[in-house]
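Asker:
In this note's numbering, the protein residues as written are 18 to 264.
1. Note down the Cα distance separating residue 105 from residue 73, rounded to an integer number of angstroms.
2. Let me check understanding here. Comparing Cα to Cα, which of 209, 218 and 110 lies closest to residue 246?
3. I'd like to know whether the C-beta atoms of residue 77 and residue 92 end up nearer to each other than 8 Å.
4. Between which two residues does the beta strand (DSSP E) carrying residue 109 extend?
5. From residue 87 to residue 51, what does the alpha carbon distance come to, in whole angstroms?
6. Name the one or two DSSP bridge partners that residue 43 has.
7. Output yes or no for whether 8 Å exceeds the beta carbon distance between residue 60 and residue 83.
8. Work out the CA separation of residue 231 and residue 213 for me, nearest whole Å.
9. Return helix, strand or coil for residue 92, following the three-state DSSP convention.
10. Can you tell which of 58, 45, 62 and 66 has the C-alpha that lies nearest to the C-alpha of residue 110?
11. Under a three-way DSSP split, which group does residue 252 fall into?
12. How many Å lie between residue 253 and residue 239 at the Cα?
13. State the DSSP-derived secondary structure class of residue 61, mapped to helix, strand or coil.
14. My understanding is that residue 58 touches residue 65, with C-beta atoms under 8 Å, so please give their C-beta distance in whole angstroms.
15. With H, G and I counted as helix, E and B as strand and the rest as coil, what does DSSP make of residue 210?
16. On the premise that residue 107 lies in contact with residue 75, defined as a C-beta separation below 8 Å, what is that separation, rounded to the nearest angstrom?
17. Is residue 215 buried or exposed, if buried means 16 or more other CB atoms sit within 10 Å of its CB?
18. Bridge partners of residue 294, per DSSP?
19. Specify, as a first and last residue, the run of the alpha helix (DSSP H) that residue 217 falls within.
20. So, residue 227 versus residue 200, is the Cβ gap smaller than 8 Å?
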């Protein structure tokens with residue numbers, strides 16, 4: 018009996034919790050007719066939906082959940098749900114249109130955006146040939162082509178820890194490259210330029226920037242394109258600010 022009672026309490030608790038989760042039907046309002054494609058995410062569950070034509074959406078939620086509304090053309094907004102919000106036929110959300118004044122873009126001015134300038138690799142890091150990389154992986158020393166290379170005692174003592182550390186870095190770089198390829202496969206250049214408003218000459222730099230974000234890469238790994246797109250919109254806003262601040 019003592020074992021059954023806690024189980025009964027657990028069942029009652031789970032049932033009560035499940036009963037609180039409901040479908041919230043809502044509509045986004047704004048000073049524009051383009052209300053589709055707005056991302057609505059439940060902060061607690063991390064489940065996301067996209068508004069349909071007219072700004073309509075439906076999402077599973079419960080009182081005290083926080084909904085996040087995000088789109089490139091609107092200012093982001095967070096709303097904490099109350100019990101009364103579920104009693105309405107439609108839950109109305111007002112969003113403010115984002116007004117942007119883009120400065121003139123000089124195409125060649127920021128041609129130096131690369132993996133070094135974005136901090137993906139140390140500045141000035143030596144670039145190894147395939148043969149040099151293999152030798153460095155095997156010995157933990159730099160290759161010197163055309164000279165007699167003597168391997169001292171220290172490189173041998175550091176072989177295990179040094180090689181392990183280097184291999185870990187290579188794995189991380191490889192992961193980022195795979196995420197970059199997946200990102201380019203999920204969205205074409207037109208999406209970056211026309212939807213995210215990233216200047217064409219900055220698209221590759223933005224892709225490097227995006228794959229550094231753990232939340233974004235986690236969404237890609239989980240094959241959750243809706244959530245990945247939501248995070249990508251946030252990153253686009255941040256990246257455009259970086260571009261503006263550099264001018």
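Ideal placement from N, C-alpha and C gives every residue a C-beta, glycine not left out.
Answerer: In brief:
1. Along the chain shown, one-based indexing puts residue 105 at 88. Along the chain shown, one-based indexing puts residue 73 at 56. When rounded, the distance between both Cα atoms is 14 Å.
2. Looking up residue 246 in the chain shown gives position 229. Per the Cα distances, 209.
3. Here residue 77 refers to the residue found at position 60 when the chain shown is read from its first residue. Here residue 92 refers to the residue found at position 75 when the chain shown is read from its first residue. No, Cβ-Cβ distance for residue 77 and residue 92 is not below 8 Å.
4. Residue 109 sits at position 92 when you count from the first residue of the chain shown. Unbroken beta strand (DSSP E) run through residue 109: 108 to 111.
5. Within the chain shown, the letter at position 70 stands for residue 87. Within the chain shown, the letter at position 34 stands for residue 51. Between residue 87 and residue 51, the C-alpha separation is close to 14 Å.
6. Numbered from 1 along the chain shown, position 26 holds the residue referred to as residue 43. DSSP lists 74 and 108 as partners of residue 43.
7. Counting from 1 along the chain shown, the entry for residue 60 is found at position 43. Counting from 1 along the chain shown, the entry for residue 83 is found at position 66. The answer is yes: Cβ separation under 8 Å.
8. Here residue 213 refers to the residue found at position 196 when the chain shown is read from its first residue. Here residue 231 refers to the residue found at position 214 when the chain shown is read from its first residue. Cα-Cα distance, rounded: 20 Å.
9. As a first step, residue 92 is located in the chain shown; it is residue number 75 there, counting from the start. Taken through DSSP and simplified to helix, strand or coil, residue 92 comes out as strand.
10. In the chain shown, residue 110 corresponds to position 93, counting from 1. Here the closest residue by C-alpha is 45.
11. One-based indexing of the chain shown puts residue 252 at position 235. Reduced to three states, the DSSP call for residue 252 is helix.
12. If you number the chain shown from 1, residue 253 lands on position 236. If you number the chain shown from 1, residue 239 lands on position 222. Rounded to the nearest angstrom, the two C-alpha atoms are 21 Å apart.
13. Reading the chain shown from its first residue, position 44 is the one you call residue 61. Here residue 61 sits in coil by DSSP.
14. Translated into the one-based positions of the chain shown, residue 58 becomes position 41. Translated into the one-based positions of the chain shown, residue 65 becomes position 48. Confirmed, Cβ separation roughly 4 Å.
15. Against the chain shown, residue 210 aligns to sequence position 193. Of the three classes helix, strand and coil, the one that applies to residue 210 here is helix, per DSSP.
16. Counted from its first residue, the chain shown places residue 75 at position 58. Counted from its first residue, the chain shown places residue 107 at position 90. Incorrect: roughly 10 Å between the Cβ atoms, too far for contact.
17. In the chain shown, counting from the first residue as 1, residue 215 sits at position 198. Burial state of residue 215 is buried, judged by a 10 Å Cβ sphere holding 16 or more other Cβ atoms.
18. Because residue 294 is not part of the residues shown, which for the chain are 18 to 264, the question remains open.
19. Taking the chain shown and counting its residues from 1, one reaches residue 217 at position 200. Looking at the DSSP string, residue 217 is not in any alpha helix (DSSP H), and its letter there is neither H nor E.
20. For the purposes of this step, residue 227 is taken as residue 210 along the chain shown, with counting starting at 1. For the purposes of this step, residue 200 is taken as residue 183 along the chain shown, with counting starting at 1. Yes, the Cβ-Cβ distance between residue 227 and residue 200 is below 8 Å.
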